[in-house]
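Numbering (the UniProt record's numbering), first residue to last: 1 to 192. Ideal Cβ placement from N, Cα and C applies to all residues, glycine included. This report concerns only the one structure given below.
So, in C-alpha cells, the structure goes:
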C-alpha cells in the first residue's frame, strides 16, 4: 500500500507540473496510473482520479494567476485574442457556461492555456474561476482514468494496459491537433 501511495503522490506532482508546464502529457499520466492501479490495487483508482484532479486544479490556479499577472500585454500576443468578435464570444461563453468551457479547454490539446488567458483577460473573477474549475478538473481526471481503465481491462498484463492507455491518449491528442490545424487552415483560406 505504501508503494501505491508513493505512486499517487508522484502522479499528483506530475499532473501539477504538467498543468503549469504544458509539455507534459498529464492525461497520459492519469490514464497510465489508472491502468496500473486496475491491475495492482483496483481501489486505488479512486486515489488516481483524486490525485489527477487535485494536481490539475492546483496547476490551473498557478497558470490562471500567471495569466492574470501578465494581463493585457500577454493576452494580445495571441492572434485569436486580437480579434474583438472572437474575444467577445469567449467572454460570453465563459459568463454563461464556465464549467463546460473549462472542461472542453482541458480536453482539447493546447486549449487550456488560451482559455485561461482569455478568462483572465476578460476579468473572470477568482471566486468564479475557483468554483467553476473544480468540477472541470474532476471530470477531466475521470475521463482520462476511464481511458486507462479501459486499457487496463482489455490487456492481461499491467504494462500492456499502461502502454495502450498512453498510446490511445497520444493518438487522440494528435488527431485533435491535426483537426484543429485543418480547421484553422480552412478558415484562413476562406477568409483570403
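| query | result |
| --- | --- |
| Closer than 7 Å: is that where the CB of residue 139 sits relative to any heavy atom of the ligand ATP? | Among the components modelled here there is no ligand, and therefore nothing to report on the ligand ATP. |
| Span of the alpha helix (DSSP H) holding residue 114? | 112-121 |
| Please report the distance separating the alpha-carbon of residue 149 from that of residue 6. | 20 Å |
| Could you check where the alpha helix (DSSP H) with residue 4 kicks off and where it finishes? | 2-20 |
| Determine contact between the segment 45-52 and the segment 130-145, defined as no fewer than three beta-carbon pairs at a distance below 8 Å. | yes |
| With a cut-off of 8 Å, do at least 3 Cβ pairs link the segment 100-116 to the segment 124-140? | yes |
| Give the C-beta separation of residue 12 and residue 70 to the nearest angstrom, bearing in mind that I take them to be a contact with Cβ-Cβ under 8 Å. | Contact doesn't hold; Cβ gap of about 26 Å is too wide. |
| Please identify the residue among 172, 93, 59 whose C-alpha is closest to the C-alpha of residue 22. | 59 |
| Give the DSSP-derived three-state secondary structure of residue 193 in the structure shown. | As shown, the chain starts at 1 and ends at 192. That puts residue 193 outside it, with no answer to give. |
| Are the beta-carbon atoms belonging to residue 64 and residue 119 less than 8 Å from one another? | yes |
| Just mark residue 178 as buried or exposed, buried being the case when its beta carbon has 16 or more other beta carbons within 10 Å. | exposed |
| Quick one: Cα of residue 111 to Cα of residue 32, how far? | 22 Å |
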